[in-house]
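Trainee: In this note's numbering, the protein residues as written are 2 to 205.
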Amino acid sequence: MTRIEPVTLTGQYVVLEPLSHEHHEGLQAAARDGELWKLWYTSVPSPEDMAAEIRRRLTLQEQGSMVPFTTRLLDPATGGPGRVIGMTTYMNIDHETPRLEIGSTWNAASAQGSGTNPDSKMLLLRHAFETLGCVAVEFCTHWMNHQSREAIARLGAKQDGVLRSHTRSKDGALRDTVVFSILDHEWPMVRNGLEYRLAKERVQ
Numbered sequence: 002m003t004r005i006e007p008v009t010l011t012g013q014y015v016v017l018e019p020l021s022h023e024h025h026e027g028l029q030a031a032a033r034d035g036e037l038w039k040l041w042y043t044s045v046p047s048p049e050d051m052a053a054e055i056r057r058r059l060t061l062q063e064q065g066s067m068v069p070f071t072t073r074l075l076d077p078a079t080g081g082p083g084r085v086i087g088m089t090t091y092m093n094i095d096h097e098t099p100r101l102e103i104g105s106t107w108n109a110a111s112a113q114g115s116g117t118n119p120d121s122k123m124l125l126l127r128h129a130f131e132t133l134g135c136v137a138v139e140f141c142t143h144w145m146n147h148q149s150r151e152a153i154a155r156l157g158a159k160q161d162g163v164l165r166s167h168t169r170s171k172d173g174a175l176r177d178t179v180v181f182s183i184l185d186h187e188w189p190m191v192r193n194g195l196e197y198r199l200a201k202e203r204v205q
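(1) Determine the DSSP secondary structure at H5, reduced to helix, strand or coil.
(2) Taking C-alpha atoms, which residue in A158, V180, E36 lies nearest to T168?
(3) Please tell me whether L199 and D120 are closer than 8 Å, where the distance is taken between their beta carbons.
(4) Are there 16 or more other CB atoms within 10 angstroms of the CB of L195, so buried, or fewer, so exposed?
(5) Which residues does DSSP list as the beta-bridge partners of N93?
(6) Which term fits G81, buried or exposed, when burial requires 16 or more other beta carbons within 10 angstroms of its beta carbon?
(7) Can you have a look at P46 and say buried or exposed, based on whether 16 or more other CB atoms are within 10 angstroms of its CB?
(8) Decide if S21 is buried, meaning its Cβ has at least 16 other Cβ atoms within 10 Å, or exposed.
(9) Output the distance between the C-alpha atoms of M92 and V68, rounded to the nearest integer angstrom.
(10) How is the beta strand (DSSP E) around H143 delimited, first residue to last?
(11) At which residue ranges does the segment 97-141 contain complete beta strand (DSSP E) runs of 3 or more residues, listed in the order of the chain?
(12) In this structure, what does DSSP give as the bridge partners for G65?
(13) Could you say which of T11, Y197, W41 lies nearest to T72 if we only look at CA atoms?
(14) With distance defined between alpha-carbon atoms, name the residue in A154, T178, L156 nearest to R165.
(15) Could you tell me the boundaries of the beta strand (DSSP E) in which H22 lies?
(16) If I measure Cβ to Cβ from P19 and keep anything under 6 Å in the same chain, skipping five residues before and after, which residues do I get?
(17) Just to confirm the assignment, what range does the beta strand (DSSP E) spanning S166 have?
(18) Alpha carbon to alpha carbon, how far is A109 from R33? Give it in angstroms, no decimals.
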């Protein structure tokens, strides 16, 4: 796999756009929706830290280890991008294997439980396996983030293990990291599950 270029991915509920500084105000507003940066087990940037977080992610993109996206709701009236609801990324990119991690993801509280998360994961996983040719896609989360762990498991990812005292959280405490993955031969089954979930969301 060669260097991953930024790309816009459009689904049923969301549009994933290449992150840019132009998204700053929209991302600040999304972060204020639920004040998720106050949850100790997450790493959601505060509105005051958003510009620095955008710079950090774009620097990693220049270095080839990350491809960051801004998540927008799909506007049903126009079929185009609507309001900004969060961020997600391809990260820890291994071009040789090739494999990558989907992470550093957060969505505004009002968008949670609305089909935006499985739609976003469908877009990222399909692009990773069917376009980029990845043999594996990884997900990592804080041991104490039970909501995230359950969401990853619902995707069909399998838990690989727990890395004890893996990294330090924003408050300096040591974090245990739960690692999940989906392999390329598992992708058709995972895709079927996501398609079923998204079809149910449309009916509701």
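We put the beta carbon where it would ideally sit given N, CA and C, even for glycine.
Please read these numbers as outputs of a predicted model, since none were measured by experiment.
Mentor: The relevant details are as follows:
(1) For the sequence presented, residue 5 should be read as Ile rather than His. Coil, per DSSP.
(2) V180
(3) yes
(4) A buried status is given to L195, since no fewer than 16 other beta-carbon atoms sit within 10 Å of its beta-carbon.
(5) N93 is not bridged to any residue.
(6) exposed
(7) Looking at its Cβ environment, which holds 16 or more other Cβ atoms inside 10 Å, P46 is buried.
(8) exposed
(9) Using only the alpha carbons, I get a separation of about 6 Å.
(10) 137-143
(11) 100-108
(12) G65 is not bridged to any residue.
(13) T11
(14) T178
(15) Neither: H22 is in no beta strand (DSSP E) and is coded neither H nor E.
(16) Excluding residues up to 5 positions away in sequence, P7 lie with their Cβ nearer than 6 Å to the Cβ of P19 in the same chain.
(17) In the DSSP annotation of this structure, the continuous segment of the beta strand (DSSP E) that includes S166 starts and ends at 159-169.
(18) 8 Å
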